[in-house]
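Counting from 3, one number per residue, gives the positions in the sequence shown under the numbering used here. Data block below; observations after.
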Amino acid sequence: MPSVFIKTYGCQMNERDSEAVAAQLIAKGYSLAPSEALADVILLNTCSVRDAAEQKAFGKMQNLAAEVRRHRPNVVLGFMGCMAQSRGQELLDQLPDVDLVLGTQKFHRAADYLDDIFAGRRAKVCDVAEETGSEATIREHLLNGDAAAKSVTAFVSIMQGCNQHCTFCIVPFTRGEERSRTIADIVTECRELVARGVKEITLLGQIVTSYGKREIGVCDGKSAFVQLLEAVHEIDGLERIRFTSPHPKGYGDDLVEAYARLPKLCESAHLPLQSGSDRLLKLMHRGYTRERFINITHKLRAAKPDIGITTDIIVGFPGETEADFEETLSLAREVQFDNAYIFKYSPRKDTPAATLPNQLPQEVKEERNQRLLQTINEIGARKYEACIGQRQQVLVEGPSRRNAARLEGRTRTNKIVVFEGSPRHIGQLMDLKIERAGSFTLYGDPAIVNLDEPVPQIFSPA
Ligand code: SAH
Ligand code: F3S
C-alpha cells in the first residue's frame, strides 16, 4: 500500500485534522512516510488565516510539483483544509500537478479519494462541498504515532465552524457554520483516550465557548460548554482538561465558576483580545468592550489568582490610529498577559474589513508589531521570573524540543518547563521546583522537591 506524508500549516485544529486523516489512512492500509522524499502521497493541510500562510503552502506545492514530480511522476499531490476550502477548483487550475483538493468538511473521505486516484477511477478529485454531520468525523487518533514519545496529551475536536463573523476573519468561510458534536460522543472519545494512557485533553474548536448553543442550550444556569466540561471532568484517570479557543464574550459566571469548581480544569485561559480600543473592537465585530474584557480577567484571577492568561492581538487593522494602538499597549500592561501572539492585519477574501478604507501601510504594521512585541516580552519575562522558587506541578510530555537530552512538560498554567529526568518520567505528573526562567521557558529541578525544605506552593494540595 502507498505511504503518505502530511505537512501541516496553521493552528491546533489543523494539527488535529491531520492526525485524524493519518489515522484514517493507516486504518485503510496506508503507511506514514518518514519524509516527503519517500512518500507516495504528499498532502499539505493548509491555513488561510493570513495571506502569508497561504503563500507558504502554495510555494511549497510549486516546489513539490517541480522537484518531486520530476523524479517520481506517480506521486500524488494534494491540498486539504482551509485553503483547499476557500480556493477549491482554482488550485487545480493554477497548479496542474495537483491531484486532490479536500475541503474542511471532507477529511473523512481522504482514503476513498486516494483509492480512486490510485485505482485510476478518477484522475483528479476536488471536493469542497458542505456535509451534514461532518463535525463528528474528526474522531480517530494516532496515539504513539511517534514511537519515541508516549502520547500523554491529546486534542479532541468538539465542534466545527464559527458564526461570530469578526470582520477580519476568514474562518467562518473556511470552516462553515457552528456545528457541535454531542456530549456523549465527545465523552466516549475522551474515555478511549484515557484508557490508552492520555492524561491531559484539550477540547478544540474555533469558538468553544459557543459549543452546543443551538443543539444543547443552557441548563440550570450552565452553558452547554460548561455542561461538557463537567461531563469530561467525570472521567476517571483523566488528570487535566484544557480548551482552545474560547471567545471572551463566552466567559460568563458559569465558566468562571467552573475554574474554581473543577480541579482538573487547568488554570490557564487563552483569551483572544484583538485590540484594546473600543472603536476598533466595534469595527472588528468582537462583541465586547475593553472594560468587559478587563473585567473577565479580574473575575478569572479572583477565582484562580495564578491563572495564566494568554491572548491574540492584531496590529494594523484598517484605520487603526496611534491612539487606538496605544489603547492596546495600555491594556496589555494593565492585564499583564503571560504571553501573546501578535499578528499583522492581513486582508482576507470576502471579509468586510478587507474593503474598509484606510488600509495601513506595511511599515506601520511592522513598527507596531515590534513595539507591542517588546511590551509583551517585558511583561512575559517578569511573569516567568516570578515563578522562580515556586513548586509547580508538571505533566511530563517527552524530550525537550530545545534540548533532546532533557525532558519537558507544562505547568497547569501552560508554561513549558525543561528539566533533567529519565524516560521513565514521561507521562507522569511531577512536582518540580522552578530554578530559572528563560524566554517563555522555565527550568526546573525534580530533586529539590523531595527534600523536606519548605518551598512556596502556588497550588494547595488536593
Ligand atoms: N477562534 C480562532 C481564531 C482563529 S484565527 C482560534 O481558534 O484561535 C487565530 C488568530 O489569528 C485570531 O485570534 C486573530 O488574532 C488572528 N487573525 C485572524 N484573522 C486575521 C487577519 N485577517 N489578519 C491578521 N490576523 C488575523
Ligand atoms: Fe474568527 Fe472571530 Fe470566529 S476570530 S474564528 S470569526 S470568533
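All residues carry an ideal CB built from backbone N, CA and C; glycine is no exception.
Legend entry - Closest residue to Gln26 among Leu195, Arg198, Ala113, Val78 (Cα-Cα distance): Along the sequence shown, read from residue 1 onward, the residue named residue 26 stands at position 24. Distances from the alpha-carbon of Gln26 to those of Leu195, Arg198, Ala113, Val78 put Ala113 closest.
Legend entry - Ile209: CB within 7 Å of a non-hydrogen atom of the ligand F3S: Looking up residue 209 in the sequence shown gives position 207. Shortest gap from the CB of Ile209 to any heavy atom of the ligand F3S: under 7 Å.
Inset, instruction - Taking all protein chains shown into account, decide if Pro174 is buried (16 or more other Cβ within 10 angstroms of its Cβ) or exposed. - result: Locating residue 174 in the sequence shown gives position 172, where the first residue counts as 1. Answer is buried; the Cβ neighbour count reaches 16.
Inset, instruction - State the Cα-Cα distance for the pair Val43 and Ser33, rounded to the nearest angstrom. - result: As a position in the sequence shown, residue 43 is number 41, starting the count at 1. As a position in the sequence shown, residue 33 is number 31, starting the count at 1. Near 10 Å, if we compare the C-alpha coordinates of Ser33 and Val43.
Legend entry - Rounded distance between the beta-carbons of Arg18 and Leu206, thought under 8 Å: Residue 206 sits at position 204 when you count from the first residue of the sequence shown. Residue 18 sits at position 16 when you count from the first residue of the sequence shown. Taking C-beta atoms under 8 Å as the contact rule, Leu206 and Arg18 qualify, at a distance of about 6 Å.
Inset, instruction - Could you check how far apart the C-beta atoms of Glu336 and Ile298 are, in whole angstroms? I think they sit under 8 Å. - result: The residue labelled residue 336 in the question sits at position 334 within the sequence shown. The residue labelled residue 298 in the question sits at position 296 within the sequence shown. Here Glu336 is actually not in contact with Ile298; their C-beta atoms are around 13 Å apart, not less than 8 Å.
Inset, instruction - Could you check if Lys30 is buried or exposed, using at least 16 other CB atoms within 10 Å of its CB as the buried criterion? - result: Here residue 30 refers to the residue found at position 28 when the sequence shown is read from its first residue. By the 16-neighbour rule on beta-carbons within 10 angstroms, Lys30 is exposed.
Inset, instruction - Give me whichever residues DSSP pairs with Gln394 in a beta bridge. - result: Stepping through the sequence shown from its first residue, residue 394 is reached at position 392. Bridge partners of Gln394 according to DSSP: Leu434.
Legend entry - DSSP-derived helix/strand/coil call for Cys192: In the sequence shown, residue 192 corresponds to position 190, counting from 1. The answer is helix: DSSP assigns Cys192 an H, G or I state.
Inset, instruction - Hey, could you find the ends of the beta strand (DSSP E) Glu328 is sitting in? - result: Here residue 328 is taken as the residue at index 326 of the sequence shown, counted from 1. According to the DSSP assignment, Glu328 belongs to no beta strand (DSSP E) but to the alpha helix (DSSP H) extending over 324-337.
Legend entry - Distance between Glu328 and Thr377 (C-alpha atoms, nearest Å): Position 375 of the sequence shown, counted from the first residue, corresponds to residue 377. Position 326 of the sequence shown, counted from the first residue, corresponds to residue 328. Cα to Cα, the separation comes out at about 11 Å.
Legend entry - C-beta contact flag for Gly80 and Asp101 at 8 Å: Position 78 of the sequence shown, counting from 1, holds the residue named residue 80. Position 99 of the sequence shown, counting from 1, holds the residue named residue 101. Against a cut-off of 8 Å, the Cβ pair of Asp101 and Gly80 comes out as a contact.
Inset, instruction - Measuring alpha carbon to alpha carbon, tell me which of Ala67, Gln166, Pro401, Glu133 ends up nearest Gln96. - result: Along the sequence shown, read from residue 1 onward, the residue named residue 96 stands at position 94. Sorting Ala67, Gln166, Pro401, Glu133 by C-alpha distance to the C-alpha of Gln96 places Ala67 at the top.
Inset, instruction - Give the straight-line distance between the Cα atoms of Phe7 and Ala24, rounded to the nearest whole angstrom. - result: Within the sequence shown, residue 7 is the residue found at index 5, counting from 1. Within the sequence shown, residue 24 is the residue found at index 22, counting from 1. Phe7 and Ala24: Cα-Cα distance of roughly 9 Å.
Legend entry - Validate contact between the stretch 223-232 and the stretch 194-214 using beta carbons, cut 8 Å, 3 pairs: Three or more pairs of CB atoms, one per stretch, sit closer than 8 Å, so the stretch 223-232 contacts the stretch 194-214.
Legend entry - Outcome for Leu40 when other beta-carbon atoms lying within 10 angstroms are tallied against a minimum of 16: As a position in the sequence shown, residue 40 is number 38, starting the count at 1. It counts as exposed.
Legend entry - Among Glu269, Ile209, Gly382, the one whose alpha carbon lies nearest that of Lys306: Here the question's residue 306 lines up with position 304 in the sequence shown. Taking only the C-alpha atoms, the option nearest Lys306 is Glu269.
Inset, instruction - Identify, in the order they occur along the chain, each residue of the same chain with its Cβ nearer than 7 Å to the Cβ of Arg438, setting aside the five sequence neighbours on each side. - result: For this step, residue 438 is matched to residue 436 along the sequence shown. If you ignore the 5 residues before and after Arg438, its C-beta comes within less than 7 Å of the C-beta of Ile390, Tyr445, all in its own chain and listed in chain order.
Legend entry - Selected residue, minimal CA-CA separation from Met3, among Lys108, Ala388, Asp117, His110: Position 1 of the sequence shown, counting from 1, holds the residue named residue 3. Checking every option, the nearest Cα to that of Met3 belongs to Asp117.
Legend entry - According to DSSP, residues forming a beta bridge with Lys224: Against the sequence shown, residue 224 aligns to sequence position 222. Answer is Cys221.
Legend entry - N- and C-terminal bounds of the alpha helix (DSSP H) containing Lys62: Mapped onto the sequence shown, residue 62 falls at position 60. Segment 53-73, the alpha helix (DSSP H) holding Lys62.
Inset, instruction - For Gln166, verify whether its CB is less than 7 Å away from any heavy atom of the ligand F3S. - result: As a first step, residue 166 is located in the sequence shown; it is residue number 164 there, counting from the start. Yes, the Cβ of Gln166 comes within 7 Å of a heavy atom of the ligand F3S.
Legend entry - Minimum C-alpha distance to Val158 - residue among Ala355, Ser182, Ala325: As a first step, residue 158 is located in the sequence shown; it is residue number 156 there, counting from the start. Distances from the alpha-carbon of Val158 to those of Ala355, Ser182, Ala325 put Ser182 closest.
Legend entry - Counted within 10 angstroms of its Cβ, other Cβ atoms place Glu38 as buried (16 or more) or exposed: Position 36 of the sequence shown, counted from the start, is the residue given in the question as residue 38. Under this definition Glu38 is a buried residue.
Inset, instruction - Answer yes or no: the CB of Tyr290 versus the heavy atoms of the ligand SAH, is any distance below 7 Å? - result: Working through the sequence shown from its first residue, we reach residue 290 at position 288. In this structure, the ligand SAH has no non-hydrogen atom nearer than 7 Å to the beta-carbon of Tyr290.
Inset, instruction - Please confirm whether any heavy atom of the ligand MN lies closer than 7 Å to the CB of Ser348. - result: The ligand MN is not among the ligands present in this structure, which contains only the ligand SAH and the ligand F3S.
Legend entry - Residue(s) in a DSSP beta bridge with Gly80: Along the sequence shown, read from residue 1 onward, the residue named residue 80 stands at position 78. Leu45, Leu102, per the DSSP bridge assignment.
Inset, instruction - Go through its chain and collect everything with a Cβ distance to Ile119's Cβ below 8 Å, but skip five positions before and after it. - result: Position 117 of the sequence shown, counted from the first residue, corresponds to residue 119. Answer for Ile119: Val78, Asp101, Leu102, Ala125, Lys126, Val127, listed in chain order.
Legend entry - Beta-bridge pairing of Tyr445 - partner residues as DSSP gives them: To locate residue 445, count along the sequence shown from 1; it is residue 443. In the DSSP assignment, Tyr445 is bridged to Val420, Arg438.
Inset, instruction - Could you tell me whether any non-hydrogen atom of the ligand SAH is closer than 7 Å to the CB of Ser247? - result: Here residue 247 is taken as the residue at index 245 of the sequence shown, counted from 1. True, at least one ligand heavy atom lies under 7 Å from that Cβ.
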